[in-house]
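Number of protein chains: 2
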Amino acid sequence: MNLRELSERLNLSQTTVSRALNGYPEVSEQTRRRVTAAAKQYNYRPNVRAQTLATGRSMAIGHIIPFSKQNEMVNIVFADFIAGAGEVYAQHGYNMSLSLVRDEDEFSAYRGVAEKGAVDGIIVHSPARDDPRIDFLSELEIPFLVHGRASEVKTPYSWLDVNNTRAIETGTRHLLDLGHRRIGLINGEERMDFAQRRREGYLAAVRQAGVAPDADLMRSNEMSEPYGYTATHEMLDQTDPATAFVASSIVSALGIRRALQERGLVMGQDISVLCFDDEISYLPNGQTVPVFTAIRSSVRAAGRRCAELLIDQIARPDQELRTELWDAELVIGPSTGPCPQKDA
Amino acid sequence: MNLRELSERLNLSQTTVSRALNGYPEVSEQTRRRVTAAAKQYNYRPNVRAQTLATGRSMAIGHIIPFSKQNEMVNIVFADFIAGAGEVYAQHGYNMSLSLVRDEDEFSAYRGVAEKGAVDGIIVHSPARDDPRIDFLSELEIPFLVHGRASEVKTPYSWLDVNNTRAIETGTRHLLDLGHRRIGLINGEERMDFAQRRREGYLAAVRQAGVAPDADLMRSNEMSEPYGYTATHEMLDQTDPATAFVASSIVSALGIRRALQERGLVMGQDISVLCFDDEISYLPNGQTVPVFTAIRSSVRAAGRRCAELLIDQIARPDQELRTELWDAELVIGPSTGPCPQKDA
DNA sequence: TCAGCCATCCAAAGCGCTTTGGAGTGATTC
DNA sequence: GAATCACTCCAAAGCGCTTTGGATGGCTGA
Numbered sequence: 325m326n327l328r329e330l331s332e333r334l335n336l337s338q339t340t341v342s343r344a345l346n347g348y349p350e351v352s353e354q355t356r357r358r359v360t361a362a363a364k365q366y367n368y369r370p371n372v373r374a375q376t377l378a379t380g381r382s383m384a385i386g387h388i389i390p391f392s393k394q395n396e397m398v399n400i401v402f403a404d405f406i407a408g409a410g411e412v413y414a415q416h417g418y419n420m421s422l423s424l425v426r427d428e429d430e431f432s433a434y435r436g437v438a439e440k441g442a443v444d445g446i447i448v449h450s451p452a453r454d455d456p457r458i459d460f461l462s463e464l465e466i467p468f469l470v471h472g473r474a475s476e477v478k479t480p481y482s483w484l485d486v487n488n489t490r491a492i493e494t495g496t497r498h499l500l501d502l503g504h505r506r507i508g509l510i511n512g513e514e515r516m517d518f519a520q521r522r523r524e525g526y527l528a529a530v531r532q533a534g535v536a537p538d539a540d541l542m543r544s545n546e547m548s549e550p551y552g553y554t555a556t557h558e559m560l561d562q563t564d565p566a567t568a569f570v571a572s573s574i575v576s577a578l579g580i581r582r583a584l585q586e587r588g589l590v591m592g593q594d595i596s597v598l599c600f601d602d603e604i605s606y607l608p609n610g611q612t613v614p615v616f617t618a619i620r621s622s623v624r625a626a627g628r629r630c631a632e633l634l635i636d637q638i639a640r641p642d643q644e645l646r647t648e649l650w651d652a653e654l655v656i657g658p659s660t661g662p663c664p665q666k667d668a
Numbered sequence: 325m326n327l328r329e330l331s332e333r334l335n336l337s338q339t340t341v342s343r344a345l346n347g348y349p350e351v352s353e354q355t356r357r358r359v360t361a362a363a364k365q366y367n368y369r370p371n372v373r374a375q376t377l378a379t380g381r382s383m384a385i386g387h388i389i390p391f392s393k394q395n396e397m398v399n400i401v402f403a404d405f406i407a408g409a410g411e412v413y414a415q416h417g418y419n420m421s422l423s424l425v426r427d428e429d430e431f432s433a434y435r436g437v438a439e440k441g442a443v444d445g446i447i448v449h450s451p452a453r454d455d456p457r458i459d460f461l462s463e464l465e466i467p468f469l470v471h472g473r474a475s476e477v478k479t480p481y482s483w484l485d486v487n488n489t490r491a492i493e494t495g496t497r498h499l500l501d502l503g504h505r506r507i508g509l510i511n512g513e514e515r516m517d518f519a520q521r522r523r524e525g526y527l528a529a530v531r532q533a534g535v536a537p538d539a540d541l542m543r544s545n546e547m548s549e550p551y552g553y554t555a556t557h558e559m560l561d562q563t564d565p566a567t568a569f570v571a572s573s574i575v576s577a578l579g580i581r582r583a584l585q586e587r588g589l590v591m592g593q594d595i596s597v598l599c600f601d602d603e604i605s606y607l608p609n610g611q612t613v614p615v616f617t618a619i620r621s622s623v624r625a626a627g628r629r630c631a632e633l634l635i636d637q638i639a640r641p642d643q644e645l646r647t648e649l650w651d652a653e654l655v656i657g658p659s660t661g662p663c664p665q666k667d668a
């Protein structure tokens, strides 16, 4: 059943039927009722493809995810972001279009998806410090919003980010205040902007406390559980071992915990652990009481907000670009405590 | 730049240009080269919306995810499935269209998405035992494939599933062989088919060993970390406590580990833990050596295969329905060991 | 030389919807 | 009684592509 058939059965024009169904005022209440009733009866659904062609809007938001063997972007954190964004899309009648593309194809994918109307807007994930995608999308003149920032990109663009520098600075200072001087940083991949910023926050806090940064105490990698595990062992095997850790993700913090357990060390007593907590739904940081001392900011909420901002940008393209900087919150849990005295 | 403009510049008809670009034989090599060169020069991209309307194919696969407060489907395991499926979609030029819909809207969402051509096929996630979506989609006559099965649905349909019953039966038997008699089951939500089957596998093994099932040793819930944690404490606080656990997910197994650690119990000595391992990329079960004894089957590989099967089904709709049953593999790790003697 | 035949190319008809620019009808106003 | 107006409705023109059913012209073979 398509519009033509429906209008024929109703002895009305396609115009009127279309208007009746789309809530235009140029149609009497009576006919509107007749039309909606018939649409329901014959189970009429407008063809989405035709609709998008006619309106010029596709009612879809694109997420383009690069994938390769080394670098996995469809991860736990991403899933929660997607869930948040998806909720908002649903409320506004949008769909989410995910395309995984090989690294080398990413640009042509943006072209393909963006330039000719498969989507109305794009969300850019995990920007690098000097991410070329941003300039590229700007030139395509499609609405887009970056989750995170790219510090070295000069073109203005819309973004939503957590104040990563301040977050990790606060967390690190908390450990310094507890007397720790050998603090291991188990960071994400530092080609990502957020990881760079976190590193800066760590360094700022450490330096401010008069501690010389030690390259042996800083790791950068994909934030998996085994990574946290291995890094912990390594940093505890050093001649001047770490007494505390700052982890960029709760996932690697789980690895830290495993390593400590293996060594018979008690978290919060022998070794302190602090992590960034994205409030992942399946891996909450405890229920009522936190398990890890953490700096937390919900990535799901970020997903929701990004979706809102982008949808607004699509609706009102003449407005200014949207930017939002969120502060993360420090939550004290039992995983951190005073630095044990060396000669005790 | 659209097709008309491009053809005008070339002094060719739209037909010829279209055919040249789409590789049809009715066009000379010379003009084809001219056309492709011009397309590149003017940066021409066909409008996807128009293309899909004209061809009737949307080159997209739909994933409809119900969401509600209680029941979270965009989870870690799902993310890995998506990643696998997405890879295959990319190879075949398909896109993935995710829609999160409120539980109560799910059917109308299927209608909306499926009936009028927004997608060429659908993947159904986490089917319940008697899942109404399957009959519903069958009537819509759109290609679809179920990841998992719905035991009580009689209509034939395509699916790919892991042999959950056998997997958990094998795992439970392994624990029984080690002398365990009080085995706690930390299962997923049993309205899901896979969880039901796993329960059956557990019960079969236990009964076969002459052990009476105990309702106090069986839990069913969303497979989060705190759930595993809480369930473990509860089952260890019973008068006749568990000596071993079977967990439906590595995520809840992490919660078990945390609870055991808190109690000063050593995994694999005092208490044995076995879990189902979906081989989630960020939460691998160890690196070279497994951490948990596990029954494992890659959900990412399942995603890839589901995508392949569905794409094939779309391409050759006259073929039989596709079904595939995978066996999971038992991997022995240090988390299981002989049941400690009661009176030792 | 001419019919027949490829090899190329084209005009035009969709695909199913939205939207522009009226047209018709009674009711209202002066 | 003519002019105006509000209210309904409609025909037809897109949106940008694919695809059907020719048209054209050069070339072959008898």
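Line by line, the protein sequences are chains S and E.
Take 325 as the starting number for the first sequence in the working numbering and just add one per residue.
Take 325 as the starting number for the second sequence in the working numbering and just add one per residue.
Where a beta carbon is used, it is the ideal one built from N, C-alpha and C, also for glycine.
Taking Cβ positions, are residue i and residue j nearer each other than 7 Å?
{"i": "I638(S)", "j": "D455(S)", "result": "no"}
{"i": "A583(S)", "j": "T612(S)", "result": "no"}
{"i": "L500(E)", "j": "A536(E)", "result": "no"}
{"i": "G525(E)", "j": "T489(E)", "result": "yes"}
{"i": "R423(S)", "j": "I388(S)", "result": "Inspection of the sequence shows that residue 423(S) is occupied by Ser rather than by Arg. In this structure, I388(S) lies closer than 7 Å to S423(S) by Cβ."}
{"i": "L589(E)", "j": "E549(E)", "result": "no"}
{"i": "R356(S)", "j": "A344(S)", "result": "yes"}
{"i": "G592(E)", "j": "T660(E)", "result": "yes"}
{"i": "S596(S)", "j": "A568(S)", "result": "yes"}
{"i": "E514(S)", "j": "E546(S)", "result": "no"}
{"i": "V575(E)", "j": "F405(E)", "result": "no"}
{"i": "A566(S)", "j": "I510(S)", "result": "no"}
{"i": "Y606(E)", "j": "N399(S)", "result": "yes"}
{"i": "L654(S)", "j": "T494(S)", "result": "yes"}
{"i": "I446(S)", "j": "F460(S)", "result": "no"}
{"i": "H471(E)", "j": "H449(E)", "result": "yes"}
{"i": "D651(E)", "j": "N487(E)", "result": "yes"}
When DSSP labels each residue in this structure, what does residue i get in the three-state scheme?
{"i": "A668(S)", "result": "Unreliable placement is indicated for A668(S), whose pLDDT of 48 sits below 50; the coordinate value is still reported in the next sentence. Coil at A668(S), not helix or strand."}
{"i": "C663(E)", "result": "coil"}
{"i": "D459(S)", "result": "helix"}
{"i": "G445(S)", "result": "strand"}
{"i": "V425(S)", "result": "strand"}
{"i": "A452(E)", "result": "strand"}
{"i": "R620(E)", "result": "strand"}
What residue range is occupied by the uninterrupted alpha helix (DSSP H) comprising residue i?
{"i": "T360(S)", "result": "E353 to Q365"}
{"i": "F468(S)", "result": "Looking at the DSSP string, F468(S) is not in any alpha helix (DSSP H); the run it does join, the beta strand (DSSP E), is F468 to H471."}
{"i": "I574(E)", "result": "I574 to E586"}
{"i": "F616(S)", "result": "Note, F616(S): premise wrong, no alpha helix (DSSP H); not H, not E."}
{"i": "D404(E)", "result": "I400 to Q415"}
{"i": "V655(S)", "result": "Premise fails: V655(S) lies in the beta strand (DSSP E), E653 to V655, not in any alpha helix (DSSP H)."}
{"i": "T376(E)", "result": "V372 to T379"}
Could you tell me the boundaries of the beta strand (DSSP E) in which residue i lies?
{"i": "P391(E)", "result": "Residue identity differs from the one stated: residue 391(E) is Phe in this sequence, not Pro. A384 to F391 is the span of the beta strand (DSSP E), which, as asked, contains F391(E)."}
{"i": "T647(E)", "result": "T647 to W650"}
{"i": "L336(S)", "result": "Per DSSP, L336(S) belongs to no beta strand (DSSP E) and is neither H nor E."}
{"i": "L484(E)", "result": "S482 to V486"}
{"i": "L607(E)", "result": "It is not in any beta strand (DSSP E) - L607(E) carries neither H nor E in the DSSP assignment."}
{"i": "V597(S)", "result": "S596 to D601"}
Given 6 Å as the limit, tell me if residue i has its C-beta closer than that to any heavy atom belonging to the ligand ADP.
{"i": "T376(E)", "result": "With respect to the ligand ADP, the structure shown offers nothing to examine, as it has no ligands at all."}
Query - Unbroken stretches of the alpha helix (DSSP H), 4 residues or longer, contained in the segment 499-584 of chain S - result: 517-532 and 549-560
Requested in this report: Below 8 Å between beta carbons is the criterion; list the residues of the segment 399-420 of chain S that meet it against any residue of chain E, in chain order.
Outcome: N399, I400, F402, A403, D404, I406, A407, G410, E411, Y413, A414, N419 and M420
Query raised in the report: What residues in the segment 601-620 of chain E bring their beta carbon closer than 9 Å to a beta carbon of chain S?
Result: I604, S605, Y606, L607, P608, G610, Q611 and V615
Report task. Check each residue of the segment 450-481 of chain E: if its Cβ is closer than 9 Å to any Cβ of chain S, include it; give the result in chain order. Result -> none
Query raised in the report: Listed in chain order, which residues of the segment 556-580 of chain E have Cβ atoms closer than 8 Å to some Cβ of chain S?
Result: Within the segment 556-580 of chain E, the qualifying residues are V575 and L578.
**Report entry** Residues in the segment 351-376 of chain E having any Cβ partner in chain S nearer than 7 Å
**Finding:** Those residues of the segment 351-376 of chain E that come within reach of chain S (Cβ to Cβ, closer than 7 Å) are R369, P370, N371, V372, R373, A374 and T376.
Query raised in the report: If you measure beta-carbon to beta-carbon, which residues of the segment 325-338 of chain E are closer than 7 Å to chain S?
Result: none
Query raised in the report: Which residues, taken in chain order from the segment 626-637 of chain E, show a beta carbon closer than 8 Å to some beta carbon of chain S?
Result: Sequence-ordered contacts of the segment 626-637 of chain E with chain S are nonexistent [C-beta pairs closer than 8 Å].
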